[in-house]
Amino acid sequence: MGHGRALVNIDSKEDQIELYEKIVGENLSVRDTEQAVKNYHHRGTTTTTKSAKTSTPDFAKKAIRELTDHLEVKVAISTSGKGKGKIAIPFNSPEEFQRIKKMIIGG
């Protein structure tokens, strides 16, 4: 809930989504998120103390939309400047976890 309260202070939906992906991808705390929002307003970026901002490549942006649509949950992808990255798929219950797992591996 605290993350959401901080994100609501960003006017641009695209910037909110970008910061959300960073929160999930880097497992930012509420305090780190609040600092990122503060930095956004002061400098126009979402840089946090944990790492410098990297823009999401086009292939990852497309994949976020496709995976979110397919799995029916908001998927986050974070990437590094070296071409590495990770995919975060949140779930809210053991049942939802099983549903997502079944969609990924089949069965």
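Position in the sequence shown counted from 1, then plus 26, gives you my numbering.
Even for Gly, the Cβ is constructed at its ideal location relative to N, Cα and C.
Fair warning: this is a prediction, and the values are worked out from it, not measured in the lab.
Practice problem: Note down the Cα distance separating T105 from K48, rounded to an integer number of angstroms. | Solution: The straight-line gap from Cα to Cα measures roughly 9 Å.
Practice problem: Could you check which residue in Y66, G51, R57, A62 has the C-alpha nearest to that of A86? | Solution: G51
Self-check item: Cβ neighbours of M129 in the same chain (closer than 8 Å, five flanking residues each side left out)
Solution: Annotation for M129: H96, L97 place their beta carbon closer than 8 Å to its own, counting only its chain and skipping 5 residues before and after.
Quiz item: Helix, strand or coil for G111 per DSSP?
Solution: Secondary structure of G111 (DSSP, three-state): strand.
Practice problem: Kindly list the residues whose CB is nearer than 7 Å to the CB of T94, restricted to its own chain and excluding five residues on each side of it in sequence; keep chain order. | Solution: These residues qualify, in order along the chain: K100, V101.
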